[in-house]
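Each remark here refers to the structure printed beneath this line.
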Amino acid sequence: MMMGLTLRLAMGLHRGDRRSGGWRVLLIGAGAALAALCGFLVLGLALTQVRAAQREAARLPVSGDEVAAAAADLTTQSLTANWNGRPLQIVVIERRAENAPLPPGLPEGAPEGWYVSPALAREARRDAHLHVVLGDAGLIGWDGVRDGEELYAYRLVPPGALEGRGLPVEGWGRPAAWASGGIPVLPLVAAGFVFVAFPSLLLLAVAHAADSRLRTRRLTLLHWLGTPRAVLGRAALVESAAIAAVASFVAAAGWWVWARQRTVVPGLGAVAAPGDLLPAGAWWVLPPLAASTASGVFGWAATRRRILGAQKGPRPGAGVPRRRLAARRVLSLGALALIGAAAVEGPTRRGASLTVLAVAASLAVLLFVMSDLAALMGRLLAMLPPVTGLLAGRRIQNDPDGATRPLVALAAFVVVGMVTTSYLAVVRFDDDPVAKFPLYVARVDAYAGASDAAIADFQERLGDTAAILVPDGVRLKADCEALSRIGVAELAGGQEICRDGVLTPAGIERLQEIGLDTRQAAVFGRVRPLVVVAAPSPDMPAATRAAALASFTLAFGVEDRGAVPPREPAVVAWILAGFWLAAILLVLSLSVVTADRLLRAQYRHRVLAFVGLTARRLAWLEFVQFATVLVVAVGTASALGVAEGSLMTSMQGVPLPWRVCVTFTGAALAAGLVPAGLGSFRAARFAGRRELARDPVLVAP
688 MMMGLTLRLA MGLHRGDRRS GGWRVLLIGA GAALAALCGF LVLGLALTQV
738 RAAQREAARL PVSGDEVAAA AADLTTQSLT ANWNGRPLQI VVIERRAENA
788 PLPPGLPEGA PEGWYVSPAL AREARRDAHL HVVLGDAGLI GWDGVRDGEE
838 LYAYRLVPPG ALEGRGLPVE GWGRPAAWAS GGIPVLPLVA AGFVFVAFPS
888 LLLLAVAHAA DSRLRTRRLT LLHWLGTPRA VLGRAALVES AAIAAVASFV
938 AAAGWWVWAR QRTVVPGLGA VAAPGDLLPA GAWWVLPPLA ASTASGVFGW
988 AATRRRILGA QKGPRPGAGV PRRRLAARRV LSLGALALIG AAAVEGPTRR
1038 GASLTVLAVA ASLAVLLFVM SDLAALMGRL LAMLPPVTGL LAGRRIQNDP
1088 DGATRPLVAL AAFVVVGMVT TSYLAVVRFD DDPVAKFPLY VARVDAYAGA
1138 SDAAIADFQE RLGDTAAILV PDGVRLKADC EALSRIGVAE LAGGQEICRD
1188 GVLTPAGIER LQEIGLDTRQ AAVFGRVRPL VVVAAPSPDM PAATRAAALA
1238 SFTLAFGVED RGAVPPREPA VVAWILAGFW LAAILLVLSL SVVTADRLLR
1288 AQYRHRVLAF VGLTARRLAW LEFVQFATVL VVAVGTASAL GVAEGSLMTS
1338 MQGVPLPWRV CVTFTGAALA AGLVPAGLGS FRAARFAGRR ELARDPVLVA
1388 P
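Taken in order, the sequence shown gives residues 688 to 1388; the numbers are from this note's numbering.
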């Protein structure tokens, strides 16, 4: 019977209220749909990493008996290098039998030649050097590449091309734990909470602040008539959850349409294979269920606070009940303890994990800290002589949560912005003297086919703009005339760099300054390291790699060591995309809560205008109250953001980007003054209307 009553109440709360009730339904539905889509996004990105690791493990070779390498049906050699700053892996396969198994992604009976991933094929279309080498290369199927951004290639060569240096292979496929690439799932989920889940849940929470006046009066009347509080709370929960469930499952259908064949995620690039972004089985229910549950909880809490709490709330000035206040302070101290623990742990893996947890915990308790500080500021403000300060301070003291709740989104934006900026400062920090070296220097490790004729062909492909240093025992043979033409002699401060076709100790010392030491590689008999020295040019890295691919059967250990512009790590794109998504969601939250604040202030303005407060004083009261809470919110968020940003930067010895942090603080204050000004203007406008003095004591919306 109670369940039937609850359902009938839930379905009838909005009946007959198309205007404000429809606005509330629209906001809750839109907030739930966005929350579900954000959940699908985080879940989809996590699944892309899991499925990419499975595909990577499936193509790993299973080694056979190394003694029988010469008689093996299949041998392979793998090299990892880079192309324009991006990791590139080339696997050379020597097949001696037609029935030898090929890795996933290659067709059965594939002829000799190059087979490249979709990303490498796109790179070859853009780069003339690479296109000349690869030509009309075949494409590796999606089951043979990690994702749409991976640069990966197979080169099928005739028997004997590896000169016995290959690894005998019996088959392909390892457990997923063998995969080494990609982004770890747990840090990705933690970042998803900070950048996506928390802002989307905050938007859903502020959507419940929009109220239907008729709905509120119906609930209040039912409460006065004796309807149990539990029934009203459950009715509000069922109503909000039902609205969110419909919107969430519509969002799920939209996600299926958008993501089923998508490989490119806006802001991240081609990070997935077709179907990677789609959850499987019961995972489809998780984001809609989470959004519906959160919406129901928010609706229940808003109803208890607004309807039931108003009938049995604390007296004015009492603030938050003591038990709840004690629990909240324990949680706040726990977040501060995490920050302290991360600072004590220092630059370790555990310290980094504690820092991420501290950021997430500080966002979760942000409202509690702001509320306590706002209550303290309200008490101080109430001591000021003008009546405006007294009224503003008492209002903040009476409901510190309600005063600070509209600015949680703005404070979260400051914290997330400062943390993101600090992390990017760590990632982008580059104090390596290699990038400042005035010449382009690269090391090319030639593994097979590196004969003198191949080296001469390599030099010819590079042209007169480069010189090649060839190891000969402990010496480095060089073309002294070519080095002089490039301008290497000027780098030694007047010392002789090259003499009689051999690099002098002064020249070797200059190479060692940028971390280039060919003697280590020369220890391994199968490696013939070559050093390319050329005048700095944006085209040289690509030209060097293309020449190495064309001249040697197996030589692509190309390492750039000088005059190469740094390339941002791939994680930067992920962080920036997450930050901009969080910024959009937080701005939407701030806009919704500002609009609702302006609409709900109408009752307060009626009462104050009725007791004789002038338009000027009423406008000043609104401004003082909001500005006080704004300073508390931005100050609290800035302190937390600087503390957590300092943790990140100090672990790596990087200076904190103070200018950007100050910019975030100033921008937040400026953005907060907009709703403060709008509230003052609306208060002055309402105070000047005579009809507001009529019937001032009504049920508060």
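C-beta: ideal position from N, C-alpha, C; glycine also.
Note on geometry: alpha-carbon atoms of V737 and P871 lie some 9 Å from one another. Within the DSSP secondary-structure output, C725 pairs in no beta bridge. Membership of E810 in any beta strand (DSSP E) is not indicated; the residue belongs instead to the alpha helix (DSSP H) covering P805 to R813.
For L1190, the secondary structure class from DSSP, reduced to helix, strand or coil, is strand. In the displayed model, V1329 falls within a helix according to three-state DSSP. Approximately 7 Å separates the beta-carbon atoms of T1108 and C1348; this is inside 8 Å, confirming the contact. Here DSSP, grouped into helix, strand and coil, assigns E781 to strand. Restricting attention to L965, T950, V1056 and L888, the CA atom closest to the CA of A981 is found in L888. When DSSP states are grouped into helix, strand and coil, R842 belongs to the strand group. About 15 Å separates the beta carbons of L1050 and V876, which is beyond the 8 Å limit, so they are not a contact pair. Here DSSP, grouped into helix, strand and coil, assigns D1132 to strand.
Shown here, E857 sits in a strand according to DSSP, grouped into three states. Contact annotation, G792 with V832: C-beta distance approximately 6 Å; criterion of less than 8 Å satisfied. In this model, A1230 and H816 are separated by some 6 Å (Cα to Cα). Residue state for P774 is assigned as strand, using DSSP reduced to three classes. Distance check between A1320 and each of A1270, E1183 and V1101 places V1101 closest, using alpha-carbon atoms only. Taking a C-beta distance under 7 Å as the contact criterion, S935 and A719 qualify as a contact pair. In chain order, A723, S935, F936 and A939 place their CB closer than 6 Å to the CB of P975, counting only its own chain and leaving out the 5 sequence neighbours on each side. One Cα belongs to L890, the other to L728, and the distance between them is close to 16 Å.
Minimum Cα-Cα distance from T950 among the listed residues A1269, V1113 and A739 corresponds to A739. Straight-line measurement puts the Cα of I930 at about 13 Å from the Cα of L721. Annotation: the continuous alpha helix (DSSP H) that includes S1058 extends over L1053 to A1069. Between E836 and G956, the gap from beta carbon to beta carbon is short of 7 Å. In this structure, L1308 keeps its C-beta atom at 7 Å or more from the C-beta atom of G1359. In the three-state DSSP reduction, V832 falls in the coil class, being neither helix nor strand. The C-beta distance from L761 to I780 rounds to 7 Å, short enough to fall under 8 Å. Between G1104 and I1083, the C-beta spacing is not below 7 Å. Between V1280 and I827, the alpha-carbon positions lie close to 51 Å from each other. In this structure, the CA atom of V820 is about 39 Å from the CA atom of W1267.
Secondary structure of S765 (DSSP, three-state): strand.
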